[in-house]
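Chemist:
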Amino acid sequence: MFTGLIQALGTVQPLGGDRFQLSCLPDNAAVILHNLAIGDSVAVDGICLTVEEILTQGFVATASDETLSRTTLGQRHQAATYVNLETSIQVGSKLGGHFVTGHIDGIGSLQDSVKTANSWIMCFTAPASLQKSWQRHIARFLVPKGSIAVNGVSLTIAECDPQGSWFKVAVIPHSYAQTNLSYLQPGSWVNLESDILGKYVERLLGYQVPSANSLPMNDISPPMNDISPEFLAEHGYL
Numbered sequence: 003m004f005t006g007l008i009q010a011l012g013t014v015q016p017l018g019g020d021r022f023q024l025s026c027l028p029d030n031a032a033v034i035l036h037n038l039a040i041g042d043s044v045a046v047d048g049i050c051l052t053v054e055e056i057l058t059q060g061f062v063a064t065a066s067d068e069t070l071s072r073t074t075l076g077q078r079h080q081a082a083t084y085v086n087l088e089t090s091i092q093v094g095s096k097l098g099g100h101f102v103t104g105h106i107d108g109i110g111s112l113q114d115s116v117k118t119a120n121s122w123i124m125c126f127t128a129p130a131s132l133q134k135s136w137q138r139h140i141a142r143f144l145v146p147k148g149s150i151a152v153n154g155v156s157l158t159i160a161e162c163d164p165q166g167s168w169f170k171v172a173v174i175p176h177s178y179a180q181t182n183l184s185y186l187q188p189g190s191w192v193n194l195e196s197d198i199l200g201k202y203v204e205r206l207l208g209y210q211v212p213s214a215n216s217l218p219m220n221d222i223s224p225p226m227n228d229i230s231p232e233f234l235a236e237h238g239y240l
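Counting from 3, one number per residue, gives the positions in the sequence shown under the numbering used here.
(1) What are the boundary residues of the beta strand (DSSP E) that glutamine 113 is part of?
(2) Which residue's Cα is closest to the Cα of phenylalanine 126: Gly166, Phe101, His105?
(3) For asparagine 182, which residues in the same chain have their Cβ closer than 7 Å to its Cβ, ignoring the five residues on either side in sequence?
(4) Check for me: the alpha helix (DSSP H) holding glutamate 204 runs from which residue to which?
(5) Are there 16 or more other CB atoms within 10 angstroms of the CB of glutamine 92, so buried, or fewer, so exposed?
(6) So is valine 116 buried or exposed if we call it buried at 16+ other beta carbons inside 10 Å?
(7) So, for cysteine 26: in the same chain, excluding its five sequence neighbours on each side, which residues have a beta-carbon less than 6 Å away from its beta-carbon?
(8) By DSSP, does threonine 52 sit in helix, in strand, or in coil?
(9) Is it right to say histidine 176 is buried, meaning 16 or more other beta carbons lie within 10 angstroms of its own, or is it exposed?
(10) Quick one: measure Cβ to Cβ for isoleucine 109 and asparagine 193, integer angstroms, because I've assumed they're closer than 8 Å.
(11) Is the beta carbon of valine 2 sitting closer than 8 Å to the one on serine 121?
(12) Assign threonine 69 to buried or exposed, taking buried as 16 or more other Cβ atoms, counted over all protein chains shown, within 10 Å of its Cβ.
(13) For my contact list, aspartate 42 and valine 53 are in at a C-beta cut-off of 8 Å; report their separation, rounded to the angstrom.
(14) Between which residues of its own chain and proline 146 is the CB-CB distance below 8 Å, once the five residues before and five after are set aside?
(15) Can you tell me the Cβ-Cβ gap for glycine 98 and cysteine 50, rounded? I've got them flagged as a contact below 8 Å.
(16) Are there 16 or more other CB atoms within 10 angstroms of the CB of threonine 118, so buried, or fewer, so exposed?
(17) Would DSSP call serine 184 helix, strand or coil?
(18) At which residues does the alpha helix (DSSP H) containing isoleucine 34 begin and terminate?
(19) Rounded to whole angstroms, what's the CA-CA distance from valine 62 to asparagine 37? Just pull it up for me.
(20) Just list the alpha helix (DSSP H) runs in the region 132-183, keeping only unbroken ones of 4 residues or longer that don't cross its boundaries, in chain order.
(21) Based on Cα-Cα distance, which residue from Gly76, Glu88, Thr74 lies nearest to alanine 45?
(22) Give every residue of the same chain whose Cβ lies closer than 8 Å to the Cβ of leucine 186, excluding the five residues on either side of it in the sequence, and list them in chain order.
(23) Can you list, in chain order, the residues of its chain whose CB lies under 7 Å from that of glycine 6, leaving out five sequence neighbours each side?
(24) Determine the DSSP secondary structure at alanine 65, reduced to helix, strand or coil.
(25) On the DSSP bridge assignment, give the partners of phenylalanine 22 in chain order.
Below, the structure written as structure tokens:
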């Protein structure tokens, strides 16, 4: 589990097949490498990867076929030059961003970035070749003032259209300067992870409760659409 607060920048070097070498830039390398152990999880542009080998300035990790197909890790030519790095949170750590799992839902593309007096307004949409994937995995979770992770950066959706075909975020100067968002160009691809809370809500609302005839006799739970103030009062909730 991660917070979406980036600790350092790094570079990615393919080692052949599904193995990659992640090297930290010198400025903040110690933040990532301090106490790093084999088996630890590190978010690389929001992708949760497992440390398999520790190097002087980085580590080696392997990506699954699913990760390579759904993220920019397998399509680095479309992404920013550097990757964002964050180690997993520990019990008792501050949670300054939002809960980020490191499981990427899909890829987005920077449409434009506009500098204002106190932030950068960045608009993201679906790459032309990934429209269907965006609609299936991203669009329905876009909510104004909701959370989203862009390349692992915890951000708040400032605006989105009703169809979920695009969204905008306001990036403060600190986040812009300390992450690879400042290296994005129009058309650059980014990894997107929707808020996990929204996924659970969708799953619960879409769950089909079995009919009363199929329930055991001692199961008093009614179908969801039968819950009423009278039912709640009868069972002590009101």
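Ideal placement from N, C-alpha and C gives every residue a C-beta, glycine not left out.
Note that the structure is predicted; figures quoted are calculated from it, not measured.
Modeler: This is what the structure gives:
(1) Residue mapping note: residue 113 aligns to position 111 of the sequence shown, counting from 1. Note, glutamine 113: beta strand (DSSP E), 108-117.
(2) Locating residue 126 in the sequence shown gives position 124, where the first residue counts as 1. Looking at the Cα atoms, Gly166 is the closest of the given residues.
(3) Within the sequence shown, the letter at position 180 stands for residue 182. For asparagine 182, where only same-chain residues beyond five positions count, the Cβ hits under 7 Å are Leu11, Ala82, Tyr84, Val85, Asn86, Asn153.
(4) Within the sequence shown, the letter at position 202 stands for residue 204. Glutamate 204 -> alpha helix (DSSP H) spans 198-208.
(5) Working through the sequence shown from its first residue, we reach residue 92 at position 90. Glutamine 92 is classed as exposed because its beta carbon has fewer than 16 other beta carbons within 10 Å across all chains shown.
(6) Mapped onto the sequence shown, residue 116 falls at position 114. Burial check for valine 116: the Cβ neighbour count within 10 Å stays below 16, so the residue is exposed.
(7) On the sequence shown, residue 26 is found 24 positions in, with the first residue counted as 1. If we look at cysteine 26 and ignore the five residues flanking it on each side, its Cβ neighbours are Ala10, Gly12, Ile34, Gln59, Gly60.
(8) As a position in the sequence shown, residue 52 is number 50, starting the count at 1. Here threonine 52 sits in strand by DSSP.
(9) Against the sequence shown, residue 176 aligns to sequence position 174. That one is exposed.
(10) Here residue 109 refers to the residue found at position 107 of the sequence shown. Here residue 193 refers to the residue found at position 191 of the sequence shown. A Cβ-Cβ separation of about 6 Å places isoleucine 109 in contact with asparagine 193 under the 8 Å criterion.
(11) Lying before the first or after the last residue shown, residue 2 is absent from the chain, which here runs from 3 to 240.
(12) The sequence position of residue 69 within the sequence shown is 67, counting from 1. When all chains shown are included, threonine 69 counts as buried.
(13) On the sequence shown, residue 42 is found 40 positions in, with the first residue counted as 1. On the sequence shown, residue 53 is found 51 positions in, with the first residue counted as 1. The beta-carbon separation of aspartate 42 and valine 53, rounded to 5 Å, stays under the 8 Å limit for a contact.
(14) The count along the sequence shown starts at 1 and reaches residue 146 at position 144. Closer than 8 Å at the Cβ level, and outside the excluded window around proline 146, lie Ile159, Ala160, Glu161, Cys162.
(15) Mapped onto the sequence shown, residue 98 falls at position 96. Mapped onto the sequence shown, residue 50 falls at position 48. Incorrect: roughly 19 Å between the Cβ atoms, too far for contact.
(16) As a working note, residue 118 is residue 116 in the sequence shown. Around the beta carbon of threonine 118, a 10 Å sphere encloses fewer than 16 other beta carbons of the protein chains shown; the residue is thus reported as exposed.
(17) In the sequence shown, counting from the first residue as 1, residue 184 sits at position 182. In this structure, serine 184 counts as helix in the three-state DSSP scheme.
(18) What you label residue 34 is simply residue 32 of the sequence shown in a count that begins at 1. Element bounds for isoleucine 34: 31-35.
(19) The residue given as residue 62 occupies position 60 in the sequence shown. The residue given as residue 37 occupies position 35 in the sequence shown. Between the alpha carbons of valine 62 and asparagine 37 lies a gap of roughly 16 Å.
(20) Qualifying alpha helix (DSSP H) stretches, in chain order: 133-139, 175-180.
(21) For the purposes of this step, residue 45 is identified with residue 43 of the sequence shown, where counting begins at 1. Selected option, being the one with the closest Cα: Glu88.
(22) Here residue 186 refers to the residue found at position 184 of the sequence shown. So the list reads Ala82, Leu112, Ser115, Met124, Val192, once near-sequence residues are dropped.
(23) What you label residue 6 is simply residue 4 of the sequence shown in a count that begins at 1. Taking C-beta separations shorter than 7 Å and ignoring five residues to either side along the sequence, the partners of glycine 6 in its chain run Gly99, His100, Val102, Ala151, Gly154, Val155, Ser156, following chain order.
(24) Counted from its first residue, the sequence shown places residue 65 at position 63. Coil, per DSSP.
(25) By 1-based counting over the sequence shown, the position of residue 22 is 20. Checking the DSSP bridge columns, you'll see phenylalanine 22 partnered with Pro16, Ala63.
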